[in-house]
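As numbered in the working numbering, residues 7 to 551 make up the sequence shown, in order.
Here a beta-carbon is modelled for each residue, glycine too, at the ideal position from N, C-alpha and C.
Before any comments, here is the structure.
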Amino acid sequence: MSLLLKGVARLSQLEVDTGKDWEAKEITNLRSVAIAMAHGDIAFRGVSVMEKLAADAGKGYSFLRSRGPGLAPVWQDIESLVQYMTGAVNRAAAFDLSIPSPSVSYSAQQASNPPGRTSVGVLSPPEPEITVTTLTGHGGAVASSPSLDAPVPAISGQAAIGAPLGGAVADDGGVQTNETTPANNDAANDMTLLPPAPAVNDAYYFGRPTLWDWLELRVGTAGNGTWDIAWEYWNGATWQPLPDVIDNTSGFKVSGTRLVTFTRPLDWGQNTIGGIANLYWIRLGFQHTPALSPSRREPGFRLDKTVRSKNMNPTEEARYERLRRLGQELHIPISETFWELEVKDGNGKVIQHLKQRSHSWVRNAYNHMFSQLSGKNANYGTFGPGYLNVKDTGGTLRQAAAPVGQSDTDIDGTTYGYRGPAGNDTWGIQVGSGINPESFEDYMLQTKIANGVGAGQMSYIEQDPHVIAYNAGTKVLSNTMIRYFNNNSGGDVSVNEVALVVNQPQGGTVYGKWMQARDKLAATVTVPNTGQLKVTYTVQLTYPA
Numbered sequence: 007m008s009l010l011l012k013g014v015a016r017l018s019q020l021e022v023d024t025g026k027d028w029e030a031k032e033i034t035n036l037r038s039v040a041i042a043m044a045h046g047d048i049a050f051r052g053v054s055v056m057e058k059l060a061a062d063a064g065k066g067y068s069f070l071r072s073r074g075p076g077l078a079p080v081w082q083d084i085e086s087l088v089q090y091m092t093g094a095v096n097r098a099a100a101f102d103l104s105i106p107s108p109s110v111s112y113s114a115q116q117a118s119n120p121p122g123r124t125s126v127g128v129l130s131p132p133e134p135e136i137t138v139t140t141l142t143g144h145g146g147a148v149a150s151s152p153s154l155d156a157p158v159p160a161i162s163g164q165a166a167i168g169a170p171l172g173g174a175v176a177d178d179g180g181v182q183t184n185e186t187t188p189a190n191n192d193a194a195n196d197m198t199l200l201p202p203a204p205a206v207n208d209a210y211y212f213g214r215p216t217l218w219d220w221l222e223l224r225v226g227t228a229g230n231g232t233w234d235i236a237w238e239y240w241n242g243a244t245w246q247p248l249p250d251v252i253d254n255t256s257g258f259k260v261s262g263t264r265l266v267t268f269t270r271p272l273d274w275g276q277n278t279i280g281g282i283a284n285l286y287w288i289r290l291g292f293q294h295t296p297a298l299s300p301s302r303r304e305p306g307f308r309l310d311k312t313v314r315s316k317n318m319n320p321t322e323e324a325r326y327e328r329l330r331r332l333g334q335e336l337h338i339p340i341s342e343t344f345w346e347l348e349v350k351d352g353n354g355k356v357i358q359h360l361k362q363r364s365h366s367w368v369r370n371a372y373n374h375m376f377s378q379l380s381g382k383n384a385n386y387g388t389f390g391p392g393y394l395n396v397k398d399t400g401g402t403l404r405q406a407a408a409p410v411g412q413s414d415t416d417i418d419g420t421t422y423g424y425r426g427p428a429g430n431d432t433w434g435i436q437v438g439s440g441i442n443p444e445s446f447e448d449y450m451l452q453t454k455i456a457n458g459v460g461a462g463q464m465s466y467i468e469q470d471p472h473v474i475a476y477n478a479g480t481k482v483l484s485n486t487m488i489r490y491f492n493n494n495s496g497g498d499v500s501v502n503e504v505a506l507v508v509n510q511p512q513g514g515t516v517y518g519k520w521m522q523a524r525d526k527l528a529a530t531v532t533v534p535n536t537g538q539l540k541v542t543y544t545v546q547l548t549y550p551a
């Protein structure tokens, strides 16, 4: 036997793995595979035979990829290799982007006639609007426009007028008196909220035939004493604490129109109180014997589930409620201010009532707050953004080498502070007839109504002492300021704007009389001849939870 092998110089360099019949021991098809292969092909071992992998240029560049033990290798072009490595294709998927036109619905409902009204009011809430802006683009490698089905947005709005109570019952030591009628009329101080000499378990009940969650009270005479009020509801078996009560009467120690809100109990059951059946009742009573007699209240209040307060925007009030809770959670001071105006005719009958939030603290007030919080002197010679000082009601810039409002002088009296004295229209609560919109740069009323008895004038009464109240449940501290104005001018006087002006000393120098807030009223308030205007300004601060 002779062997002619290129590259083998000696027979000892040749290794032949064959059987006795010159056949391969394990790989049986070497010859057939070799014959079938072309230039560029690759041979690889299969299970017991050789296999051929033909050359493949693929799409662009090709790569030989092993798929692991027991699996044949494969050619992989660049596109399929990217797909294998990333698990995704490099092509954009196209979707049909089509957003249907939104539908908008709203409803208006009158719950009942408010007290003193016999005609049905007409509600015309504005129809809500919604705008949807869409943008379509091509889906990458395709020419069709993308498409996406979005759910149809829906908007609903509700408005309602408050309804009278279904029941109001006073309980004096077990003796129950039905006071539903006086509770729902406009007569002042005709209803004793609790007995003159109250004791533990004395109570008052309010009821409605349908579920409700707020109560508006007009307190004619504020209580003066020490007591704790427990608010409860009937769960079908026992009286339980009413959840999430916000009592803006501060336990009936603050006069005026006040709102009490709460969360509707899930297990609220109807009951019969004082012979009045099938109402959802709440109960308020003393937890211990009060030190002094409590308040009496004027009725004429309203209660319902939608409108939170007359002349107040319910949507805005809901936002403020969320803001208060967020402020407590984040320990951010949340301050709120309110104006309330009440007009009585010459017979003492309330003929107009307006309540609105004050949104118009002017630059003076902001400089006052920052100067105090930062402990910085207000000694800048320019009035405007970035400068600390104040501008008085005469337009004079006031500055001093001390913070705005810094003083060791009593400001609770009628010499300095907010309590304008009788016959003085230069500071304290002021009223005007101007109709210009509010401006952050305001420093005086547009048209102040002067003190006097001449045409277009009213008599400024000494401003009442401050009334400080703290609600331990809501952690709200409030200061209420009240001033009365008498009209003896011989004709009607129209009020369109209100302001709060402080008279603040500074060491031996007076900063001047400078305006903190000016608000344009939501509606003109008309004071008839021989009538009286009561203006209430309340500032409150929510403390951390």
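What is the DSSP secondary structure of residue i, counted as helix, strand or coil?
| i | result |
| --- | --- |
| A461 | coil |
| R73 | coil |
| Q405 | coil |
| I282 | strand |
| V148 | Below a pLDDT of 50, predicted positions are generally treated as unreliable, and V148, at 46, falls in that range; the measurement from the model is reported next regardless. Note: V148 maps to coil in three-state DSSP. |
| R270 | coil |
| G262 | strand |
| V126 | Below a pLDDT of 50, predicted positions are generally treated as unreliable, and V126, at 40, falls in that range; the measurement from the model is reported next regardless. If DSSP states are grouped into helix, strand and coil, V126 belongs with coil. |
| Y466 | strand |
| N291 | Position check: residue 291 holds Gly in this sequence, whereas Asn was assumed. Strand, per DSSP. |
| R308 | Confidence in R308 is poor, its pLDDT being 32 and thus under 50, which makes the residue's placement unreliable; the coordinate value appears in the next sentence. Coil. |
| G333 | helix |
| A456 | coil |
| I252 | strand |
| V327 | With the sequence shown as reference, residue 327 is identified as Glu, and Val is not the correct amino acid for it. Helix at E327. |
| S500 | strand |
The alpha helix (DSSP H) spanning residue i covers which residue range?
| i | result |
| --- | --- |
| Y372 | 369-380 |
| T187 | 186-189 |
Residue i lies in the beta strand (DSSP E); which residues open and close that run?
| i | result |
| --- | --- |
| L539 | 538-548 |
| V39 | Taken as a continuous stretch (DSSP letters only), V39 belongs to no beta strand (DSSP E), being part of the alpha helix (DSSP H) at 36-42. |
| I435 | 434-438 |
| Y210 | 209-214 |
| G226 | 220-227 |
| I357 | 356-363 |
| W245 | 245-247 |
| N385 | Here N385 belongs to no beta strand (DSSP E), and DSSP marks it neither H nor E. |
| M487 | 482-492 |
| D178 | 173-178 |
| R51 | 48-51 |
| W240 | 235-240 |
Output the distance between the C-alpha atoms of residue i and residue j, rounded to the nearest integer angstrom.
| i | j | result |
| --- | --- | --- |
| G381 | G400 | 26 Å |
| D398 | A523 | 12 Å |
| R264 | T255 | 6 Å |
| V55 | E85 | 31 Å |
| N492 | E185 | 33 Å |
| I357 | S261 | 18 Å |
| L290 | D250 | 14 Å |
| N191 | P170 | 9 Å |
| S377 | A384 | 7 Å |
| E444 | G479 | 34 Å |
| W218 | T486 | 28 Å |
| F50 | D83 | 20 Å |
| G74 | N35 | 23 Å |
Cα-Cα, which of the options is closest to residue i?
| i | options | result |
| --- | --- | --- |
| G45 | D62, E222, G180 | For the sequence presented, residue 45 should be read as His rather than Gly. The candidate whose alpha carbon is nearest that of H45 is D62. |
| Y211 | T343, A228, W81, A236 | A236 |
| S439 | T530, S445, G387 | T530 |
| L483 | D234, Q452, K526, T343 | T343 |
| N477 | A60, I252, N353, N492 | I252 |
| N535 | Q82, V499, V53 | V499 |
| I340 | Q412, K481, A209, L527 | K481 |
| G497 | T532, A505, E444, M43 | T532 |
| G179 | P188, P471, D208 | D208 |
| L4 | G387, G52, L36, V437 | Since the first and last residues shown for the chain are 7 and 551, residue 4 lies out of range. |
| E335 | A40, T548, N457 | T548 |
| G434 | W245, A174, R489 | R489 |
| H337 | A551, F69, F50, K58 | A551 |
| H374 | N395, G387, K355, F389 | N395 |
| V368 | A176, V508, L285 | V508 |
| V541 | E503, D83, W520, N284 | E503 |
Say yes only if the C-beta of residue i is nearer than 8 Å to one or more non-hydrogen atoms of the ligand HEM, and no if none qualify.
| i | result |
| --- | --- |
| E57 | Ligands are entirely absent from the displayed structure, and the ligand HEM is therefore not among its contents. |
- Query: Per the contact definition of three or more C-beta pairs closer than 8 Å, is the region 459-469 in contact with the region 421-431?
  - Reply: yes
- Message: Under 8 Å, with one C-beta from each stretch per pair, do the region 269-284 and the region 357-373 reach the 3-pair mark?
- Response: no
- Counting pairs of Cβ atoms below 8 Å between the region 394-411 and the region 322-338, do you hit three or more? no
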